[in-house]
Amino acid sequence: MNAIDQSFNRIPCHTDWHRYDSPTVIRRHGRSFLERAWKPEGTVKNTATLSKDQLHSLVESYGGHCVTTSDSVLLIFDDYHWTRRCDAQLVKLGQSTLRWGCYIQLHGVE
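Going by full-length UniProt numbering, the sequence shown opens with residue 1, and the numbers climb by one from there.
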């Protein structure tokens, strides 16, 4: 082992991607988890914008409330699990979301 190998801040020359195809990684994370985990910014496009009525009915079906500000919409929920389910549904519909616990923030909603 030389001095470069002993350094804590060394930069690897390459990544051994074959180790991510191991049975342990596949069992824990599923196939192609790297493609799911790595999403560059801007991959989620807002293809079909929801109207305010559609958004309110969707959020109320998950037990939440909508609070509108000048540039974003804050969705408030009582339960973390319902928040997570509503967030998953909004992502499926093409909305870009930011989720913090029982809150979801939407940008660019008309």
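Backbone N, C-alpha and C fix where the C-beta goes; we use that ideal spot for every residue, glycine too.
Keep in mind the model is a prediction, meaning the values are calculated, not measured.
{"Item": "Can you tell me whether DSSP reads residue 97 as helix, strand or coil?", "Value": "strand"}
{"Item": "How long is the line joining the alpha carbons of residue 61 and residue 55, rounded to whole angstroms?", "Value": "10 Å"}
{"Item": "Pick helix, strand or coil for residue 106, following the three-state DSSP scheme.", "Value": "strand"}
{"Item": "Ordered along the chain, which non-local residues of its own chain (more than five positions away) have a Cβ less than 8 Å from that of residue 103?", "Value": "74, 75, 76, 77, 83"}
{"Item": "Given this structure, state the Cα-to-Cα distance separating residue 52 from residue 71, to the nearest angstrom.", "Value": "14 Å"}
{"Item": "Roughly how many angstroms separate the alpha carbons of residue 88 and residue 65, rounded to a whole number?", "Value": "17 Å"}
{"Item": "Return the CA-CA distance between residue 95 and residue 28, expressed in angstroms with no decimal places.", "Value": "28 Å"}
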